[in-house]
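What follows is a short report on a single structure.
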Amino acid sequence: MRVADTLEWLARLAADDNNHHYAARLLGAAHATRQRMGHARFPMYQTGYDVAVMSVRDALGQDDFDIAWTDGEALSAEEAIAYAQRGRGERKRPTSGWESLTPMERDVVRLVSEGLGNKDIGARLFVSPRTVQTHLTHVYAKLGLTSRVQVAQEAAHHT
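Numbering (this note's numbering), first residue to last: 927 to 1085.
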């Protein structure tokens, strides 16, 4: 029920950690989620929210802030949650090859290997079909593949 509140708190933590782009995108996602769900912010959180927005805007500059905010607004609630769960820590995976796949990308690969379409994969993973396609695009790029059949074949070599 309090998705927007949680996104705003995570944005505030990110801002405190000087991760301003991530914070701005979370703030935009929280704003859009509030609009769609009709959830008001508790008045006791307003001042902290205003300070976070101002500090992130000041750190990024108006143009970069607006771009990140708009990117966040474009996320569905499910996509915003997935984005928040990924975090923005130091990358420890390689940039290509099987080991470069994220846990979510591996889940998508597994379900592609089972013959599921994007809509069914999305339903199983609680994400939109568009998000599934984005993960597949990343998988294709990381593995140098061009089709679902190739993805399934590659998965068979790694299971």
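For every residue, glycine included, the Cβ atom is placed at its ideal position computed from N, Cα and C.
Close-in-space but distant-in-sequence residues of the same chain around residue i (CB under 8 Å, 5 per side omitted)
i	result
residue 1084	1024
residue 985	941, 944, 946
residue 1070	1022
residue 974	938
N-terminal and C-terminal residue of the alpha helix (DSSP H) that residue i is part of
i	result
residue 974	972-986
residue 966	Careful: residue 966 lies outside any alpha helix (DSSP H) and carries neither H nor E.
residue 928	Taken as a continuous stretch (DSSP letters only), residue 928 belongs to no alpha helix (DSSP H), as it is neither H nor E.
For residue i, the three-state DSSP class (helix, strand or coil)
i	result
residue 989	helix
residue 1001	coil
residue 942	helix
residue 1085	coil
Cut-off 6 Å between Cβ atoms - residues of its own chain near residue i, not counting five sequence neighbours on either side
i	result
residue 929	959, 1003
residue 938	978
residue 936	952, 1010
Burial state of residue i (16 or more Cβ within 10 Å)
i	result
residue 1065	buried
residue 977	exposed
residue 1068	buried
residue 934	buried
residue 1056	exposed
residue 1082	exposed
residue 1052	exposed
residue 1075	exposed
residue 1043	exposed
Same chain, Cβ closer than 7 Å to residue i, neighbours up to 5 away in sequence not counted
i	result
residue 1020	1026
residue 1048	1054, 1055, 1057, 1058
residue 1031	1061, 1064, 1065
- Enumerate, from N- to C-terminal direction, the unbroken alpha helix (DSSP H) stretches of 4 or more residues contained entirely within the segment 1016-1082. Counting only runs of 4 or more, we get 1029-1039, 1044-1051, 1055-1069.
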